[in-house]
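**Q**
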Amino acid sequence: MSSSNNAAAAAASPDPSRRREDVVGWLLALFPDLPLPPPPEATDEDLRAALATGRLLCALLRRLCPGALLDDASTDNVGRFRAAVERMGVAKFSASDLERGQMTAVVNCILALKDRFGSRGGDDHRNPGFLTRCDSEGGRKRVESKLQRMLTSPIMSGIPGVDKLTIATDFVMVFQLKQGGYADQLGGKYSDLLKSTSLDNAPTQSLLGVFNSILDESIERKNGQIPYRIACLLRKVILEIERRISTQAGHIRNQNNLIKAREEKYQSRIRVLEVLAGGVSGQTHEKEGMINLKTVKAEETQRIEDEESKKEDVARLLTDKENNDSIISELKKELEETKRLHEAHSQQLETKAAQVSKELEQRIEEVKLMLDDSTKRRIELEELSETRIQFWKKKEVVIDQFVSLQVQNVQDLKLSSVSVRHEILNCQNKWSEELAGLGKSLKVVTNTAEKYHGALAENRKLFNEIQELKGNIRVYCRIRPFRPGEDDKSSSVEYIGDNGELVLSNPTKQGKEGGKNFTFNKVFGPITTQDAVFKDIQPLIRSVLDGYNVCIFAYGQTGSGKTYTMMGPEKATEKEWGVNYRALNDLFNISHDRRDTITYELGVQMIEIYNEQIRDLLGSGGVQKKLGIQNTIQPNGLAVPDATMCPVTSTSHVIELMQTGHDNRAMSATALNERSSRSHSVVTIHVRGQDLKTGNTLRGALHLVDLAGSERVDRSAVTGDRLKEAQHINKSLAALGDVIFSLSQKNAHVPYRNSKLTQVLQTSLGGHAKTLMFVQVNPDVSSYTETLSTLKFAERVSGVELGVARSNKEGKEGKDVKELMDQLSLLKDTISKKDEEIDRLQLLNSSTRLKPTRQADSVLKHSSSSPGITSLGKGTSVGSGAASDLDNFSDTSDRQSEAGSMLSVDPEISGLADVDSDGRTRAVNRVQKLTLPKAGQSSSLRPKPRDPAPAATGVRKSSTSQATPLARNNSTLKRGP
Ligand SMILES: Nc1ncnc2c1ncn2[C@@H]1O[C@H](COP(=O)(O)OP(=O)(O)OP(=O)(O)O)[C@@H](O)[C@H]1O
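UniProt numbering puts the first residue of the sequence shown at 1, with every later residue one more than the last.
#1: For Pro16, which residues from the same chain have a beta carbon less than 6 angstroms from its beta carbon, with the 5 sequence-adjacent residues on both sides left out?
#2: Give a yes or no on whether the C-beta atoms belonging to Gly737 and Gln557 are separated by under 8 angstroms.
#3: What does DSSP give as the partner residues of Met658 in its beta bridges?
#4: Please state whether DSSP places Met606 in a helix, a strand or coil.
#5: If you run the structure through DSSP and keep just helix, strand and coil, what is Ile241?
#6: Does the beta-carbon of Cys427 have 16 or more other beta-carbons within 10 angstroms, so that it is buried, or is it exposed?
#7: So for Arg478, helix, strand or coil by DSSP?
#8: Taking the DSSP output, what are the residues bridged to Ala52?
#9: Taking Cβ to Cβ, would you say Phe520 is nearer than 8 angstroms to Gly500?
#10: To the nearest whole angstrom, what separates the beta carbons of Thr787 and Val777, a pair I think is in contact under 8 angstroms?
#11: Determine the contact status of Phe524 and Tyr476, defining contact as a CB-CB distance below 8 angstroms.
#12: Compare the beta carbon distance of Ile479 and Thr771 with 8 angstroms and say whether it is the shorter of the two.
#13: At which residues does the alpha helix (DSSP H) containing His592 begin and terminate?
#14: With distance defined between alpha-carbon atoms, name the residue in Pro641, Val682, Thr790, Pro37 nearest to Met658.
#15: Is there at least one non-hydrogen atom of ligand 1 closer than 7 angstroms to the beta-carbon of Ser652?
#16: Just to confirm, are Ala639 and Gln762 a CB contact at a threshold of 8 angstroms?
#17: Pull up the distance between the alpha-carbon of Arg20 and that of Cys109, whole angstroms please.
#18: His686 bridges to which residues according to DSSP?
#19: Where does Ile496 fall in DSSP's three states?
#20: Within its chain, find whatever has a CB closer than 7 angstroms to the CB of Ser591; leave out the 5 residues flanking it on each side and keep chain order.
#21: Gln842: beta carbon under 7 angstroms from a heavy atom of ligand 1?
#22: Would you identify the three-state DSSP class for Pro66, choosing helix, strand or coil?
#23: With Arg87 and Ala68 assumed to form a contact (beta carbons below 8 angstroms), what rounded beta-carbon distance in angstroms separates them?
#24: Can you give me the Cβ contacts of Tyr495 inside the same chain, cut-off strictly under 6 angstroms, excluding the 5 residues immediately before and after it?
#25: With distances taken between CB atoms, is the gap from Leu704 to Tyr555 smaller than 8 angstroms?
#26: Answer yes or no: do Ser492 and Pro481 have a C-beta to C-beta separation smaller than 8 angstroms?
#27: I want to check one thing, is the minimum distance from the CB of Lys571 to the heavy atoms of ligand 1 below 7 angstroms?
#28: Would you mind sorting Thr644 into buried or exposed? The rule is 16 or more other CB atoms within 10 Å of its CB.
#29: Assign Gln538 to one of three DSSP states: helix, strand, or coil.
#30: For Gln690 and Ile598, I'd like the C-alpha separation in whole angstroms.
#31: Here's a check: name, in chain order, each residue in its chain whose Cβ is nearer than 8 angstroms to the Cβ of Ala50, leaving out the five neighbours to either side.
#32: When the Cα of Pro647 is compared with those of Met606, Leu335, Glu365, which residue comes out closest?
#33: Please determine whether the Cβ atom of Gly525 lies at a distance below 7 angstroms from any heavy atom of ligand 1.
#34: What is the rounded straight-line gap between the Cα of Arg62 and the Cα of Asp22?
#35: Considering only their Cβ atoms, is the gap separating Gly454 from Gly700 smaller than 8 angstroms?
#36: Would Tyr610 and Ser679 qualify as a contact pair, given that the criterion is a beta-carbon distance under 8 angstroms?
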């Protein structure tokens with residue numbers, strides 16, 4: 001009791017020497033042969049020397065708890081001991097604690113074993129220390145009885161080598177607690193026990209003991225009721241016990257088998273030895289030797305086993321070493337690889353670092369330079385800003401001065417503006433007064449201007465009326481454009497004016513000398529359209545519907561555009577229609593429009609004059625039929641009554657008619673123009689109208705004449721038939737010229753009968769018809785000569801006065817009035833002529849000393865100098881023409897001519913008109929020569945048909961009625977060819 005108390009006190013003591021003494025004492029008690037000094041003398045080193053091999057420790061454990069040590073060949077005795085202690089849940093120590101330093105941890109471990117198994121190692125198997133922990137005697141007895149029951153239970157008794165008393169030690173605490181403060185603490189402890197792993201390490205006997213105790217306690221205290229947690233613990237304990245029992249059962253079976261085998265071996269050996277012993281009886285010493293030998297053998301066997309186990313250990317260690325070597329070599333390889341990679345990487349990094357450092361150095365250099373630059377700039381800027389500041393400061397001063405000056409000025413200006421405003425107001429008042437005055441004056445001016453414009457319009461109207469009254473032949477000049485293939489760079493037409501002016505330039509002469517001026521009623525340039533041309537002549541054409549006779553003819557050399565103007569080009573579109581189409585269409589449309597007031601009948605004849613033969617272009621029998629001319633004026637006004645007369649009924653009919661006529665027109669080729677028509681084409685539109693109100697009738701005729709080409713024969717280079725054609729053409733054109741100039745000279749005899757052309761046009765050329773001539777001009781310089789003679793002819797024609805146009809209206813009384821009027825005008829003419837003649841005679845008498853000249857010849861030659869006449873060379877004079885064509889002379893024209901002759905019956909007077917008659921004419925011409933302007937004034941001889949000056953008209957008028965015969969003659973000469 002006292003020793004146990006001492007042990008407990010030593011275990012609890014913090015003094016290490018005391019604890020060591022306790023351990024040494026206990027070990028010596030268990031193993032008296034131990035080479036250890038007694039407790040107070042034993043040092044840590046003594047204890048270390050005793051325990052260093054671990055044999056003592058293993059022996060101690062085998063003694064205390066025989067199954068605790070496992071046969072693990074891989075470790076030494078110390079290791080095995082430590083592992084067993086650890087499994088048992090006792091505080092262990094490290095291997096180094098046993099090798100050096102203080103032995104405290106080792107001592108603690110042994111003391112813990114002593115605590116747990118202290119009584120086992122001693123003589124007393126019933127551990128008094130264990131029992132003394134019970135508080136009461138009853139309790140202790142109960143525990144003892146319980147442990148007794150437990151240990152004597154069939155399970156425990158079936159386990160060989162189990163120290164029954166030590167099993168229960170682990171759970172003493174539990175039990176104690178149960179005895180002591182069960183009610184307060186047992187639940188918590190059980191919970192801890194459930195969670196902990198101490199059950200796994202607890203000896204089975206302890207587990208069983210605890211199990212039984214708990215059961216008993218429960219039976220006693222709780223009347224058979226077991227708490228849930230306790231039940232769980234019990235189940236766990238039972239499971240553990242069952243597992244162990246089954247493990248140990250298997251173990252025991254194996255051991256039994258082993259023991260049986262050994263026993264059998266030993267038995268057989270014993271039998272052998274007994275046999276040997278029977279043979280060598282009495283040899284007790286030998287027996288003892290045998291026993292010793294057996295022992296030695298057993299030890300030898302043990303040694304061999306140990307060696308084998310060591311060899312196995314070595315082999316295992318070698319295998320481990322090989323494994324480790326291979327691992328080490330792999331690791332080395334990996335290390336090598338890693339090293340290589342690392343080196344490569346570090347090399348890369350180094351190169352990169354070198355580059356970067358280089359770049360950085362460069363950058364640093366650049367930055368340095370920039371820094372230098374910026375420093376310089378900063379200094380410059382500073383200097384600049386300094387100078388600027390200075391400058392601005394000066395400027396500020398100046399501006400301040402200027403502002404103050406300006407303020408002063410503004411104040412001055414304000415003052416002056418007030419005065420100026422006053423002035424302006426005054427001026428405004430003044431101006432408004434003046435403006436009011438000006439407005440009044442302007443009104444006056446406007447009125448005057450209006451009046452002036454009115455007067456101008458009146459003038460224009462009067463001029464036109466005068467022109468109409470005068471009955472001048474209108475002459476329109478048309479210049480055709482250049483044709484493909486012609487040299488359009490140089491043109492013989494130099495200038496085209498708005499007022500009918502035209503300048504023809506001579507290609508052989510330069511400057512002013514080369515230019516020749518002409519003036520006509522109108523000049524159409526090359527770009528003038530067919531429509532524009534027609535618009536200009538439209539009123540003239542429409543007058544046919546009012547009973548006028550109108551004649552429009554186109555004159556010009558071959559290829560100058562006559563057919564184009566009159567008909568239009570081949571296969572003409574409506575836009576390209578010539579005058580013929582448009583005139584006929586226009587007349588038809590207007591007649592249609594007027595049908596409510598006047599009913600018109602329109603009829604068309606189309607003939608051509610070819611080689612002085614008339615052909616019908618609209619006839620059904622073709623153009624072969626030759627037609628005669630009716631020289632007497634028919635009641636229906638038809639000159640060629642046999643020519644087919646086609647009534648016009650529609651616009652399409654108009655087109656059809658014109659196309660038929662065009663197709664039938666004789667065409668033949670010449671050297672100048674392959675399409676040149678070698679005939680005169682005459683389209684005559686006869687109009688008969690009846691006024692539905694008055695019943696009056698009117699007749700009008702429109703002759704549209706496309707003359708044959710007027711070129712010179714020599715230029716045409718033709719012979720034979722072509723020459724004959726040309727001669728006929730030129731002859732007829734000359735006859736036309738003669739008629740025109742005869743009319744212009746107001747000759748009593750007009751040679752209409754010199755050609756078929758003049759006979760056909762008789763009613764529209766003389767008398768009171770309106771006549772218009774298109775002079776066609778070819779601008780090509782090669783045609784200059786032809787163009788010049790054409791224009792000269794046209795110029796003379798433009799000066800011809802045919803007399804006042806009159807409408808052919810027939811009324812009930814109209815007819816008598818007309819006749820009376822005709823007679824009146826004729827009488828007036830005769831009287832005026834007589835007056836003129838008397839004046840002339842008086843003049844002649846007064847100038848008898850003047851010698852007669854042949855000036856008159858030139859006048860007549862001049863008058864008949866049409867291109868046709870000049871070209872033919874021989875010329876057909878007016879006089880001769882009149883004589884040669886007596887057979888063709890119409891009665892009417894004869895009558896008219898004769899009327900003229902009868903009225904101027906004085907042979908002297910009539911002879912004045914004849915160039916070859918007597919010397920009086922020559923005398924007249926001599927006078928004319930005297931009154932002619934000088935050479936430099938030749939341009940004044942040119943006709944001025946468009947002279948609009950009212951004053952001039954007045955003069956003309958007075959000259960007609962009051963001027964002297966000389967003046968009148970001068971006027972005629974000026975206008976004559
Ligand atoms: N104003 C114009 N615009 C366009 N072409 C024109 C014009 N005048 C004439 N021409 C063309 O010039 C050529 C000759 O014209 P056109 O046949 O009318 O001449 P002409 O004087 O009638 O000839 P001829 O005397 O031989 O009959 C034609 O090809 C015609 O189309």
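Note that the Cβ used here is the ideal one computed from N, Cα and C, for glycine as well.
**A** Taking the definition as stated:
#1: Thr104
#2: no
#3: In the DSSP output, where bridge partners are listed per residue, Met658 has none listed.
#4: strand
#5: helix
#6: exposed
#7: strand
#8: Ala52 is not bridged to any residue.
#9: yes
#10: 5 angstroms
#11: yes
#12: no
#13: 579-593
#14: Val682
#15: no
#16: yes
#17: 11 angstroms
#18: Gly603, Ala701
#19: strand
#20: Leu545, Tyr600, Leu602
#21: no
#22: coil
#23: 7 angstroms
#24: Val503
#25: no
#26: no
#27: no
#28: buried
#29: helix
#30: 5 angstroms
#31: Leu27, Leu34, Pro35, Leu36, Leu56
#32: Met606
#33: no
#34: 20 angstroms
#35: no
#36: yes
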